[in-house]
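Residue numbering for the sequence shown follows UniProt numbering, beginning at 1 and increasing consecutively.
No residue lacks a Cβ here, since even glycine has one placed at the ideal position from N, Cα and C.
As structure tokens, the structure follows; a few thoughts come after it.
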Amino acid sequence: MKALLLAGGLGTRLRPLTENIPKPMAPIANRPWLEHLIIHLRDQGVNEFVIAAHHCSHVIRRYFGDGKRFNVNITYALEPSPLGTAGAIKNAERFLNERFLVFNADIVHLPQLIPLLDFHRQHGGLATIVLTEVDDPSSYGVVEQDDSGRILRFIEKPRREEAPSNRINAGMYILEPEVMRYIPAEREVSIERETFPLLIERNVGVYGIVSDGYWRDMGTPARYRQVHWDALSREFPVPLKGREIQPGVFVGEHVEIGSGVLFVPPVLIGDHVKIGPQAVIGPNAVIGDHCQIGARVHCAQTIVWDRSVIRDRSRLQNSIFGYRTVTTVGEVFEDSIINQFKEAVQA
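What follows is the structure, given as structure tokens:
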């Protein structure tokens with residue numbers, strides 16, 4: 001089975017971090033989120049991928065290539081301009097001649113595929129929308145379903161007390177290739193606002209099923225940080241590289257730790273990292289590969305991407321630092337988002 005990964009968005013809410021990388025390439029636990037997703041799907045039997053890309057598409061292609069390094073096959077459907085969710089699907093039509101999966105690649109979710117595919121086969125319709133349940137659906141498009149799971153309508157951002165359910169679109173779909181007939185070509189098309197309502201109107205069978213497990217849109221800095229804290233607490237059970245040197249402190253290979261360093265869990269340290277004497281790392285700190293952390297640095301509630309240099313006595317609180325960030329001695333960062341590097345992620 002093929003999976004189409006929608007990775008063409010501009011990631012505007014995560015700027016400046018996404019100025020030079022696609023949002024799905026932002027690292028989660030020191031590995032691009034898109035890599036986590038591909039490996040998770042590969043391990044469930046998906047070995048053919050189509051990546052729909054536009055913004056900084058060369059970053060994705062350079063990192064993944066043809067997929068052989070990850071024991072999968074990857075092809076690319078490049079968008080000449082942003083085409084929206086359904087427009088991107090239509091643009092990839094030439095690669096999708098049988099039942100296929102679609103993922104909004106900036107949604108953090110690692111679903112179990114077998115129950116979802118079984119449900120799709122049983123209902124016999126053209127589309128399955130994977131759903132997730134939220135406490136407050138008033139910020140989302142909510143679905144109304146009958147007892148069989150057929151979706152009757154979408155209600156956009158209802159008042160909480162008026163919502164027919166707490167089930168929302170999780171950003172994953174199982175589609176039959178006949179769906180392509182309902183999507184116009186060569187223009188921006190929203191699957192949520194245009195395609196699915198049309199399919200419901202035409203009564204071709206649009207069904208929804210809830211997927212259990214962790215789900216979060218990582219599209220804002222606050223949500224992006226929260227995904228990391230959930231990963232460190234293991235609420236989100238994404239694989240963490242490294243060995244646990246003390247409870248809640250994971251350290252990669254070839255890490256040099258100076259004298260008097262204090263780790264306040266939870267903490268994740270990448271490979272080839274140097275940490276200077278008397279630094280305090282944590283709580284909730286993620287340090288990427290090949291980083292240098294100076295003496296007496298305090299780093300808490302902060303994510304530092306690969307190859308960054310944090311000079312002596314810097315204080316980092318509730319911040320995100322992009323690739324190859326370099327600070328000056330004694331700088332204080334609080335609630336900051338720093339992106340200095342112009343040639344983004346490398347394999």
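From L17, V227, I183, pick the residue whose C-alpha is nearest to that of C56; which is it?
As a working mapping, residue 56 is identified with position 56 in the sequence shown. Out of L17, V227, I183, the CA that lies nearest to the CA of C56 is found in L17.
Cα-Cα separation, N169 to N339:
For the purposes of this step, residue 169 is taken as residue 169 along the sequence shown, with counting starting at 1. For the purposes of this step, residue 339 is taken as residue 339 along the sequence shown, with counting starting at 1. Using only the alpha carbons, I get a separation of about 31 angstroms.
Starting from the Cα of D135, find the closest Cα among A163, M25, K90 and give me that residue.
The sequence position of residue 135 within the sequence shown is 135, counting from 1. In terms of CA proximity to D135, A163 leads the group A163, M25, K90.
What does a CB cutoff of less than 6 angstroms around E93 pick up in its chain, not counting 5 residues either side in sequence?
On the sequence shown, residue 93 is found 93 positions in, with the first residue counted as 1. Excluding residues within five positions, the ones whose Cβ falls inside 6 angstroms are M180.
Element boundaries [alpha helix (DSSP H), containing V59]
Taking the first residue of the sequence shown as position 1, residue 59 is located at position 59. Boundaries of the alpha helix (DSSP H) around V59: 57-64.
So who's on the other strand from M172, going by DSSP bridges?
Here residue 172 is taken as the residue at index 172 of the sequence shown, counted from 1. Looking at the DSSP output, M172 sits in a beta bridge with F103, V130.
Cβ pair R13, T220 closer than 7 angstroms:
The residue you call residue 13 lines up with position 13 of the sequence shown. The residue you call residue 220 lines up with position 220 of the sequence shown. In this structure, T220 lies closer than 7 angstroms to R13 by Cβ.
Give me whichever residues DSSP pairs with F154 in a beta bridge.
Looking up residue 154 in the sequence shown gives position 154. The partner list for F154 (beta bridge, DSSP) reads V143.
What did DSSP end up calling R42 once you bin it into helix, strand or coil?
Here residue 42 refers to the residue found at position 42 of the sequence shown. The answer is helix: DSSP assigns R42 an H, G or I state.
Exposure label - V345; buried when at least 16 CB within 10 Å
The sequence position of residue 345 within the sequence shown is 345, counting from 1. Because the pLDDT at V345 is just 47, under 50, the model does not fix this residue reliably, and the value given afterwards should be weighed accordingly. Around the beta-carbon of V345, 16 or more other beta-carbon atoms lie within 10 Å, marking it buried.
Below 7 angstroms between beta carbons: does that hold for N97 and P27?
For this step, residue 97 is matched to residue 97 along the sequence shown. For this step, residue 27 is matched to residue 27 along the sequence shown. With a cutoff of 7 angstroms on beta-carbon distance, N97 and P27 are scored as not near each other.
Considering only C-alpha positions, which residue in the set G171, V264, P184 is nearest to residue 358?
No answer is possible for residue 358: it lies beyond the span of the chain, which begins at 1 and ends at 347.
Contact belief for N318 with D306 at Cβ below 8 angstroms, rounded distance in angstroms
In the sequence shown, counting from the first residue as 1, residue 318 sits at position 318. In the sequence shown, counting from the first residue as 1, residue 306 sits at position 306. Wrong, their Cβ atoms sit about 20 angstroms apart, outside the cutoff.
Determine the closest residue to F236 out of E144, H109, G258, L268, with distance taken between C-alpha atoms.
Here residue 236 refers to the residue found at position 236 when the sequence shown is read from its first residue. If we check each option's Cα against that of F236, H109 comes out closest.
Closer than 7 angstroms by C-beta to P111: which residues in its own chain qualify, once you throw out the five before and the five after it? Chain order, please.
The residue labelled residue 111 in the question sits at position 111 within the sequence shown. Excluding its 5 nearest sequence neighbours in each direction, P111 has C-beta neighbours in its own chain below 7 angstroms: V130, M172, S211, G213, listed in chain order.
G260 beta carbon less than 7 angstroms from that of G252:
As a position in the sequence shown, residue 252 is number 252, starting the count at 1. As a position in the sequence shown, residue 260 is number 260, starting the count at 1. In this structure, G252 lies away from G260, with their beta-carbon atoms at least 7 angstroms apart.
What number of angstroms, rounded off, separates the C-alpha of W33 from the C-alpha of D106?
By 1-based counting over the sequence shown, the position of residue 33 is 33. By 1-based counting over the sequence shown, the position of residue 106 is 106. So the two alpha carbons sit approximately 8 angstroms from each other.
Take the Cβ of K157 as the centre, count every other Cβ of all protein chains shown within 10 Å, and call the residue buried at 16 or more, exposed below.
Stepping through the sequence shown from its first residue, residue 157 is reached at position 157. Taking every protein chain shown into account, the CB of K157 has fewer than 16 other CB atoms within 10 angstroms, so this residue is exposed.
Between M218 and R296, what straight-line distance do the alpha-carbon atoms span, to the nearest angstrom?
Along the sequence shown, one-based indexing puts residue 218 at 218. Along the sequence shown, one-based indexing puts residue 296 at 296. M218 and R296 have their C-alpha atoms spaced approximately 31 angstroms apart.
Using the three-state DSSP reduction, which class does H109 fall into: helix, strand or coil?
Indexing the sequence shown from 1 puts residue 109 at position 109. Correct three-state label for H109: strand.
Leaving aside the five residues before and after L126 along the sequence, list all residues of the same chain whose C-beta is less than 8 angstroms from its C-beta, in chain order.
Translated into positions along the sequence shown, residue 126 becomes position 126. Once the five neighbours on either side are set aside, the close Cβ partners of L126 are L175, E176, E178, V179, L199, V204, G205, V206.
Through-space distance from N47 to M1, alpha-carbon basis
As a position in the sequence shown, residue 1 is number 1, starting the count at 1. As a position in the sequence shown, residue 47 is number 47, starting the count at 1. In this model, M1 and N47 are separated by some 7 angstroms (Cα to Cα).
Cβ of Q340 versus every heavy atom of the ligand NAD: is any distance shorter than 6 angstroms?
Ligands are entirely absent from the displayed structure, and the ligand NAD is therefore not among its contents.
Does V332 pass the burial test, meaning 16 or more other C-beta atoms within 10 Å, or should it be called exposed?
Reading the sequence shown from its first residue, position 332 is the one you call residue 332. Burial call: exposed.
Out of F64, F49, G84, which has the shortest C-alpha to C-alpha gap to residue 348?
The structure shown does not extend to residue 348, since the chain is modelled only from 1 to 347, so the question has no answer here.
V251 lies in the beta strand (DSSP E); which residues open and close that run?
For the purposes of this step, residue 251 is taken as the residue at position 251 of the sequence shown. V251 -> beta strand (DSSP E) spans 249-251.
Does A29 pass the burial test, meaning 16 or more other C-beta atoms within 10 Å, or should it be called exposed?
For the purposes of this step, residue 29 is identified with residue 29 of the sequence shown, where counting begins at 1. By the neighbour-count definition (other C-beta atoms within 10 Å, threshold 16), A29 is a buried residue.
Would you check if the distance between the CB atom of R313 and the CB atom of G288 is smaller than 7 angstroms?
Residue mapping note: residue 313 aligns to position 313 of the sequence shown, counting from 1. Residue mapping note: residue 288 aligns to position 288 of the sequence shown, counting from 1. No, the pair does not count as a contact, with Cβ atoms beyond the cut-off.
Note the first and the last residue of the continuous beta strand (DSSP E) segment covering Q317.
For the purposes of this step, residue 317 is identified with residue 317 of the sequence shown, where counting begins at 1. Per DSSP, the unbroken beta strand (DSSP E) holding Q317 starts and ends at 315-317.
Take E244 and list the residues in its own chain whose beta-carbon comes closer than 7 angstroms to its own, dropping the five residues that flank it on each side.
Reading the sequence shown from its first residue, position 244 is the one you call residue 244. Residues of the same chain with a CB within less than 7 angstroms of the CB of E244, apart from the 5 flanking positions on each side, are F250 in chain order.
Can you tell me whether T85 is helix, strand or coil according to DSSP?
Here residue 85 corresponds to residue number 85 of the sequence shown, with the count starting at 1. Three-state result, T85: helix.
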